[in-house]
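Accompanying notes for the structure given below.
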Amino acid sequence: MNQRLPHFDAAHATPEQKAVLDEILSGPRGNLNGPFLGWIHSPELAQQAQRLGAFCRYRTGLPLRLSELAILVTAARWQAQAEWHIHYPIALEAGVQEADAEAIRTGRQPAFANPDDALIYAFTSELYDTKRVSDATYAATVARFGHDVTINLTALLGYYALVAMTLNVFGMRAEGQTSLPFAE
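Under numbering that gives the first Met the number 0, the first residue of the sequence shown is numbered 0, with each subsequent residue one higher.
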C-alpha cells in the first residue's frame with residue numbers, strides 16, 4: 000500500500016506544525032517515526048496526540064517490558080506493520096521473550112514464564128476480544144498494579160490503537176522498513 004497522505008515538507012511547515020515537530024524531536028522520542036508525519040497535517044491533533052503518547056509510552060507506571068508487550072499485542076491485533084516494526088526491537092531489548100513476541104505476532108497464545116507478562120496479555124487480549132475486561136482479570140490487574148496503573152494501561156491501549164489505525168488507514172510504514180510482519 001502506498002502512503003495516502005501528501006508528502007510533508009518541513010521547510011514549508013506552518014508555525015503550529017513547527018511547534019509540534021520541535022516538541023517531538025526535543026522530547027524522549029527524538030524522532031518522527033510512527034504516525035507523527037500523518038498527524039502533522041492536523042497540527043492541533045498532532046500536538047495533543049503526541050503529548051498523550053509521551054505519557055502512555057514513558058510514564059504509565061508499568062515497567063518498559065510490560066508497556067512494550069501491550070504495544071506488541073495492539074500492533075498484532077491491528078496488524079499495524081509500522082507499529083510492530085518500531086516496537087518489536089524495543090520490546091526484545093526491554094525483556095519480552097522472542098518466542099512470546101512471535102506467538103503474539105502469529106495469533107497464538109504465548110507461554111509466558113513471567114506472571115506479570117501473562118496478566119498484561121490477558122488484560123489486553125480480553126479488552127480487544129470482548130471489548131470488556133472480566134471481573135477476575137480486572138481484580139488481578141488492580142491487585143498487582145493498582146488503580147492508577149490500570150487506568151494508564153487502558154489509556155496506553157487506546158493510544159496505540161489510535162496509532163495503529165492512523166498507520167493502517169494512511170498506509171504508513173516505519174522509517175527503513177523493508178519487510179512486513181503481517182500479510183496484506
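All residues carry an ideal CB built from backbone N, CA and C; glycine is no exception.
In this text the structure is predicted, and so the values were computed from the model without any measurement.
Buried or exposed (CB count within 10 angstroms, at least 16 for buried), Thr-129: exposed
Exposed or buried, which one is Asp-99 when buried takes at least 16 other CB atoms within 10 Å? buried
Helix or strand or just coil, what does DSSP make of Gln-96? coil
Report the option in Pro-27, Pro-62, Phe-54, Leu-24 whose CA atom is closest to the CA atom of Tyr-158. Phe-54
Leaving out five residues on either side along the sequence, give the residues of the same chain with a beta carbon under 7 Å from the beta carbon of Asn-167. Trp-77, Ala-79
So is Asn-151 buried or exposed if we call it buried at 16+ other beta carbons inside 10 Å? buried
Hey, Glu-246 and Asn-32: beta-carbon distance below 8 Å or not? Here the chain comprises residues numbered 0 to 183, so residue 246 is not present and cannot be evaluated.
What residue does the alpha helix (DSSP H) around Thr-149 start on, and which one ends it? 134-168
Where does Gly-52 fall in DSSP's three states? helix
Buried or exposed for Tyr-57, please, with buried defined as at least 16 other CB atoms from any protein chain shown within 10 angstroms of its CB. exposed
Contact set for Val-141: own chain, Cβ-Cβ below 8 Å, skip 5 residues either direction: Thr-149
Round the Cβ separation of Ala-9 and Leu-20 to the nearest angstrom and send it over; I've been treating them as touching at under 8 Å. 6 Å
Going by Cα to Cα distance, which pick from Leu-4, Gly-29, Pro-14, Ala-18 is closest to Leu-36? Leu-4
The alpha helix (DSSP H) enclosing Leu-20, as first and last residue numbers: 14-25
Identity of the residue in Glu-22, Ile-103, Gln-96 nearest Ala-75 by Cα: Ile-103
Measuring CB atoms only, is the stretch 59-76 touching the stretch 108-120, in the sense that at least three cross pairs come out at less than 8 Å? yes
Assuming Ala-48 and Ile-39 form a contact by the criterion Cβ under 8 Å, report the distance between their Cβ atoms to the nearest whole angstrom. About 10 Å; that fails the 8 Å criterion.
List the whole-angstrom C-beta distance separating Thr-42 from Gln-16, where the pair is believed to meet the contact cut-off of C-beta under 8 Å. It should be noted that the sequence gives Pro, not Thr, for residue 42. Confirmed, Cβ separation roughly 5 Å.
CB of Val-72 within 8 Å of CB of Thr-123, strictly: yes
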